[in-house]
Each structure stands twice: as structure tokens, then as C-alpha cells.
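Residue 236 in the numbering used here sits at position 41 of the sequence shown, with consecutive numbering throughout. Virtual Cβ for every residue (Gly too), placed ideally from N, Cα, C. Just so it is clear, the structure is predicted and the values come from calculations on it, not from any experiment. Notes to accompany the following structure.
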Amino acid sequence: RAVVLADAAFAGADTLATARTLAAYIKTLSPDYVFCGRQSTDGDTAQVPPCLAAILGYGIVPSVMSINGKQVNLRGGESVGLTGKQVVIFERIAPLRFPSMRSECAAVQTVGNDVLRIPADKCGQRGSPTRVVKVFENTAGRRNCEFTDYSRLDDIIADALKKQRIRPEEYTGPVLRKVYYVKEAADVARAIAAEAEELPVDGKSAAEIAETIRSSGARTVLWPDSAEMRVMAPQVAGLTGAGLCADCTRLKTDGEKLYMIRPAAGGSVTAEIECRAPVTMATVRTACGSNDDVIFAVGRGAEHALPQIRAYAEKYGAKLMCSRAAVDDGVMPYECQVGLTGVSVAPKVYVAIGISGAVQHMCAAERAGTVIAVNKDKNARIFDFADYGMVTEV
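Shown next, in the form of C-alpha cells:
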């Protein structure tokens, strides 16, 4: 059966308010399992399912790629058994099944707040600790592409390696009095705060971390964008009522309030977000592999040439990475994925082969010194983000 939660009171909800609304209805069912997709296509935050699990008091099983009975396979290759009272988060499950010609429409039940009775300050816009301050076109990472011949690839890489590594722009505005950080988010925390203190999380549950935040009086907590922390941070937000902004590419402050900047609507725009809750949290983009000189990245358009590209990467002692499409096709492992739902990188040279150039991918490679794009489609979007473009079939 299909149920739609719809009410004017639910309008304008952020991830926490959305999770609260879903939890209010799910509690009336008391299911053994709650199946969720990882994220919506417009928000890209992946926060609602972990937050929902925390509010329900359920366990969580993230990154599920397939299911067979009570056995699920995770994106990292592990196989895990389901035990009940869990939120199961699917990366993918099956091709979309279309209705047959003989299908009949069934009734869709609509449930409003007259049934759920969620307090007005816990749902919709009023119950949302985060709100968008402004939205503007995402122009980050755009470059002036010089088209050239593929035969020049070696020369261009050699010249690019001689250049000084580009350092991230340093924050020079007002700072907060104190910020707590988790693991790799230390540098970002120190840039925006007079005092930065590490929040211990190793070996701790979401409930234990939430209690540490309450007892410490923390007002601002920054998390790294690792897969583990992307799941943990929303759970802590659900338990503390904190406002959480995901995948922040930039932070700024007026000395009192933190403003978080992140890609939105699939990366086509950038949103500036503020938090109205006592505790503000954000996951921040932290580039891994920043000391790599050269990275080769493979997209769906070059999967057929993977052995050739791997040999090229080995020639330079370069790391071999990929787009999400190559992971979804089973060609490359998840840990090699560059993008909004993968890792960020900042090499001296980034060679993208057969990658279309979706903003979700390029926002994670925008700190590369030189970007070289190889694609057979001369109109591919990736050329907007490249210093050098080569239109060819590899």
C-alpha cells in the first residue's frame, strides 16, 4: 500500500524535521525493518535515513547494494545479516519495475498532522533548525579550456608537474570563539575559530557522542566527509536536535553565527545555509590524497580502455580513481570514487578520461592544480572544468 504524508504543517522541512515526521508515522507501524534510499536526487545530503534511525531507536545498515533474504551485500564488498529493528539504506536494489497494461490504480492513503499530531515546532519550516539564506549559480571549479591533441598528454603532464601546488584559499574573516571538530576536520575548525578542540568519537555510539556534546556545551561541531562520519553525524543530529549541513565546500562566520556553503540541486547551484538551533553541525569536504602528484580518473565512457589507462597511471606512479558510474557498473571499487558521494582529491594533475563532468564529480576535484579532460564528446560538460581538453576516443 502507498501512504503519502502531506500537510501544510510539514512544508519547508529540513532533514531533521523530515526525519521526525517520517518517524512519527513509522512508530504507528512498529515495523521490523525500514528500507530507505540513500538520498534524494535534489538534496544529495543522505542525512534523513541515519537521522530517522536515531529517532526511532533502530540500528542502521548503510551502503547496501543487494539483498537476498536477510543477507545484504554492502558497497565495500562485505556481507551482513539483518537482525531486525533496523533502518536499511540502499545504494541501489533493482531496475525500476514498470506497471503492465493490465495494472489497476490502487488507492493512496494520505496522512496529515491531524493524525500524527507532531508539535508545530518539531516539523515543517518551524521545526527545521537549518534554513537556506540564499542560492546562487555554482561556478566553482570552472576553467578556461585549451583544446589540444591527445599526443601532447605526456608533455602537458610534465609541464603541470613543474608548477607550484595550488594552496586552498585561506579564510581571513571573523572567527567563532570555539569550535569542536572530529578527526580530519581539524584544519577547517582552526581556520574559523579562535579555539578548536577535538571531539572524541572512536569506539563511541551516536548516543555517547550526543551526550558528550551536551555535557561539553559545544555550540559548533565540524565533521569530516568520510563515509563513516556521513552516517554518524546525522544520527547525532537526530539525538541532539542539532542543525546539520552536509558536504560543505566552504564556511564563513560573522563571529557569532556559522554560515555553511554547499552544492545543491545536484550541484547545479550553491546554497548558503544557517542554523537556528543551539548546536550547529556540518560535514566538511576534506581532500584525501592531497599529496598525490597525478591522478587518473576513469568514467563510463572509458571503461573499455581500463587496462590501457591503468598502465598509463602506473607509468607515472599515479593513483587510479573513477566516477560513480564506473563504481555502479562494477568496474572500479567504491573507495576509488571521486565525487560528492565519494572522496575529494587535490593532486597536482587530474586526468579525467571518459567522464561527463557532472558537478557532483567535479566539485570533488576542483582543488586539482591542472585538470586534463579526455572525452570523445566535444560538448561534454567536463571541458568547462578543464585546463586542457582532448576530444578523442581512448
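Within a 10 Å sphere around the beta-carbon of Glu561 sit 16 or more other beta-carbons, which makes this residue buried. Annotated three-state conformation of Gly232 is strand, per DSSP. The beta carbon of Arg414 sits closer than 7 Å to the beta carbons of Pro473, Val474, Thr475 from its chain, once the five residues preceding and following it are set aside; these are given in chain order. Taking the Cα positions, Gln266 is about 29 Å away from Thr210.
Counted as a single uninterrupted DSSP element, the stretch harbouring Tyr253 is not any beta strand (DSSP E), since DSSP gives it neither H nor E.
In the three-state reduction of the DSSP assignment, Arg326 falls in the strand class, which pools E and B.
Less than 9 Å separates the beta-carbon of Arg519 from that of Gln532.
Contact check for Val330 against Glu467 passes: the beta carbons are separated by less than 9 Å. Between the beta-carbon of Asp442 and that of Arg480 there is about 6 Å, and that keeps the pair under the 8 Å contact cut. Using a Cβ distance threshold of 9 Å, Arg338 and Asp488 do not count as a contacting pair. Within the same chain, Gly564 come within 6 Å of Ile361 by CB-CB distance, once the 5 residues on both sides are set aside. In terms of Cβ geometry, Gln304 and Val199 form a close pair [threshold 9 Å]. Uninterrupted beta strand (DSSP E) stretches at least 3 residues long and entirely within the stretch 471-511 occur at 475-479, 489-493, given in chain order.
Counting C-beta pairs closer than 8 Å gives fewer than three between the stretch 445-456 and the stretch 504-512, which falls short of the contact rule. Residue pairing by DSSP places Asn268 opposite Ser261, Ser274 in a beta bridge. By the Cβ-count criterion, Arg292 is exposed, with fewer than 16 other Cβ atoms from all chains shown falling within 10 Å of its own Cβ. Looking only at Ser235, Ala241, Val283, Ala208, the smallest Cα-Cα distance to Pro226 is reached by Val283. Two segments are said to touch when three or more pairs of C-beta atoms, one from each, lie closer than 8 Å; by this definition the stretch 571-589 does not touch the stretch 386-395.
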